[in-house]
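What follows is a single structure, written as structure tokens, with notes after it.
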Ligand SMILES: N[C@@H](CCC(=O)N[C@@H](CS)C(=O)NCC(=O)O)C(=O)O
């Protein structure tokens, strides 16, 4: 029931969009609260006192934080569209790649877009190498989950629309048909799904928000997501 499931998120955040996508794939009804991250609600601060970040899923009054942990909770709690394969080895591999995306790809891509000069070159090299490694996990499949969207596809959402907009703003090209053909194809396939479309921020709105923050972000040495 919707009143039992609440998501504290932000329309801009790939992390909270991951949770929305998982809930929609499972067909779970939920109430969504869009947080003002410059003025966090008491509910958010009390629900995630350690990191004070969105997303937080509140199920029957129990708060669960950190998007990848929330995705696992959703998989364990609700039937319907499976986010993980049945095979135990494949499940472990999916978890590995989701963590690899968080640890090795997201920050490298993000920082490539928000740095300049030598630092930018370093981040772009790192992003390129790690995206090439990530492509190995596609192994000729159209999605990381095979024919259906799974945990790794959801974790990689940032590499679709967010990365596209940020690269455009930064005037760089990290993920394109020549450099990362498998990932490029994946991205086209991923964003063509209707349920995924419902869980993306909207290109123009995202672009406008990022452009308005560009100066402030560039002035910060280690801009947070
Ligand atoms: N590792 C976290 C990252 C979540 C995160 O970085 N959330 C950002 C928004 S994209 C946030 O709440 N930022 C507010 C802050 O840092 O004060 C996850 O996967 O859930």
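Numbering (my numbering), first residue to last: 192 to 416. Heads up, the beta-carbon is just placed ideally off N, CA and C, and yes, glycines get one too.
What distance in whole Å lies between the Cβ atoms of residue j and residue i, which are believed to be in contact at a cut-off of 8 Å?
i	j	result
residue 365	residue 319	7 Å
residue 285	residue 341	6 Å
residue 234	residue 199	7 Å
residue 217	residue 255	Contact doesn't hold; Cβ gap of about 15 Å is too wide.
residue 248	residue 387	Incorrect: roughly 19 Å between the Cβ atoms, too far for contact.
residue 287	residue 299	About 18 Å; that fails the 8 Å criterion.
residue 276	residue 282	6 Å
Out of the options, which has the shortest C-alpha to C-alpha gap to residue i?
i	options	result
residue 328	315, 339, 316, 343	343
residue 141	404, 339, 347, 312	There is simply no residue 141 to check, as the chain begins at 192 and stops at 416 in what is shown.
residue 371	252, 350, 391	350
residue 224	246, 237, 242, 398	246
residue 271	335, 278, 339	339
residue 292	277, 321, 314	321
residue 420	315, 345, 312	With the chain covering 192 to 416 only, the question about residue 420 has no answer from this structure.
residue 244	215, 236, 250	236
residue 250	277, 196, 297	196
residue 355	382, 330, 389	382
residue 413	248, 310, 357, 273	310
residue 415	389, 377, 279, 297	297
residue 220	330, 269, 201	269
residue 330	395, 399, 314, 376	376
residue 278	336, 241, 313	336
residue 395	408, 357, 378	357
residue 222	252, 242, 239	252
residue 267	214, 232, 317	214
residue 402	367, 323, 353, 226	353
residue 210	241, 239, 263	263
residue 295	380, 404, 324	324
Run the proximity test for residue i: is its beta-carbon closer than 8 Å to any non-hydrogen atom belonging to ligand 1?
i	result
residue 485	The requested residue 485 is not part of the displayed model; the chain covers only 192 to 416.
residue 232	no
residue 201	yes
residue 242	yes
residue 414	no
residue 344	no
residue 257	yes
residue 204	yes
residue 403	no
residue 372	no
residue 254	no
residue 245	yes
residue 207	yes
Spell out a yes or no on whether the stretch 301-308 and the stretch 349-364 are touching, meaning 3 or more CB-CB pairs, one atom from each, closer than 8 Å.
yes
Assess contact between the stretch 255-269 and the stretch 206-219, defined as three or more Cβ pairs (one per stretch) separated by less than 8 Å. Is contact present?
yes
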